[in-house]
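Colleague: Sending over a structure as structure tokens; questions will come in a sec.
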Amino acid sequence: MSFLRPLLTLAAAVAILASTYFAILEIAESKADGLAGGETFVLDSRHGAESAAFSGLLARLGEWDEEGLAASLVSLRDAGHIHVAPRLGGGRSAVYVNALGLVSRIYLRGDNLVLRGLPFPDLDIPERAQRTFAMIRLAGTLVHELAHYGGIEDEDAAYDREIEWYRQLGERNADRLAGDERRLFDWALASALASAEAAREKAVPTPRPAQGR
Ligand SMILES: [Zn+2]
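If you read the sequence shown in the numbering used here, its first letter stands for residue 1, the second for the next number, and so on.
Following this line, the structure appears as structure tokens:
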């Protein structure tokens, strides 16, 4: 019958479009993988150590009264948009990558997530404080990358969100802790904030007013 021919032509056109889409998607995925240093993989239960470390981070966020951030991270992970980048360069612990408008992901550096080794091995700071620092810093970095993921392109605005988050974390936990626990947390939080501010200085050249001499 004659209407079969246009129908077949349409099916062929759809098939070609679909295969073109998947070919371009594959290019976007490999581009994203390359930008994150290569050899990346999606964060899921097949990767036990990374998965457990991520669950540990979510648990800490719960303790810190940061359920909103934890929920955002869970839905991003469940959608397959959080990936692990074992070779992420530039001293970064996480990065948001958008390739060709098709692939939108947050990559976490593997050794930073699993925390192999302490952040300040040479400092005489208790291990627990160092690990809390690393956890706060990683969470703050995720706040920053989530801002990019949500459409904020401006680096300064993303740092504003991140730094505001550290401040709020301090306020939310001010009454919860006391004694040594409090001192440990305060040190970790202040160090994370200082570290983020140093990263911001490096990333965003702030225009300085000309100084008359
Ligand atoms: Zn950024």
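C-beta atoms are modelled at their ideal positions from N, C-alpha and C, and glycine is treated no differently.
On a predicted model such as this, the values are computed, not experimentally measured, just so you know.
1. Which residue wins for smallest C-alpha separation from A139, given the options A59, G34, I152?
2. What do you reckon, is the C-beta of A13 under 7 Å from a heavy atom of ligand 1?
3. Around ligand 1, what residues have a beta-carbon under 6 Å from a heavy atom of it, in chain order?
4. Which value, in whole angstroms, describes the spacing of the CA atoms of G117 and A94?
5. In chain order, what residues of the same chain have a beta carbon less than 8 Å from the beta carbon of E197, not counting five sequence neighbours either side?
6. Would you grab the beta carbon distance between Y107 and H83 for me? Rounded to a whole angstrom, and I think it's under 8 Å.
7. Enumerate, from N- to C-terminal direction, the unbroken alpha helix (DSSP H) stretches of 4 or more residues contained entirely within the stretch 122 to 174.
8. Does the stretch 51 to 70 come into contact with the stretch 5 to 25, if we say contact requires no fewer than three beta-carbon pairs (one atom in each stretch) closer than 8 Å?
9. Quick check on F185: does DSSP put it in helix, strand or coil?
10. For S45, name the three-state secondary structure that DSSP assigns.
11. Going along the chain, which residues of its own chain have a beta-carbon closer than 6 Å to the beta-carbon of G110, five neighbours each way excluded?
12. Below 8 Å, how does it come out for the stretch 119 to 130 and the stretch 183 to 195: are there three or more Cβ pairs, yes or no?
13. What are the start and end residues of the beta strand (DSSP E) that includes L108?
14. Could you compute how far the alpha carbon of S75 sits from the alpha carbon of L4?
15. Within a Cβ cutoff of 8 Å, which residues of the same chain sit near L100, ignoring the five residues on either side of it in sequence?
16. Inspect the beta-carbon positions of Y159 and R105 and report whether they are closer than 8 Å.
17. Report all residues from its chain with a CB closer than 7 Å to the CB of W165; omit the five preceding and five following residues, and keep chain order.
18. Per DSSP, what kind of secondary structure is A85 in: helix, strand or coil?
19. A94 by DSSP, collapsed to three states: which one?
20. Starting from the C-beta of R77, find all residues in its chain whose C-beta is less than 6 Å away, skip the five residues before and the five after it, and write them out in chain order.
21. Find the nearest neighbour of E39 within the set G89, I16, S45, judged by alpha-carbon distance.
22. Count the other CB atoms, across all protein chains shown, that sit within 10 Å of the CB of V97; report buried if there are 16 or more and exposed otherwise.
Modeller: Reading off the structure:
1. A59
2. no
3. H144, H148, E155, A158
4. 18 Å
5. I163
6. 5 Å
7. 127 to 149, 155 to 173
8. no
9. helix
10. coil
11. V84, P86
12. yes
13. 103 to 109
14. 44 Å
15. I24, I27, A28, K31
16. no
17. G140, V143
18. strand
19. strand
20. L43
21. G89
22. buried
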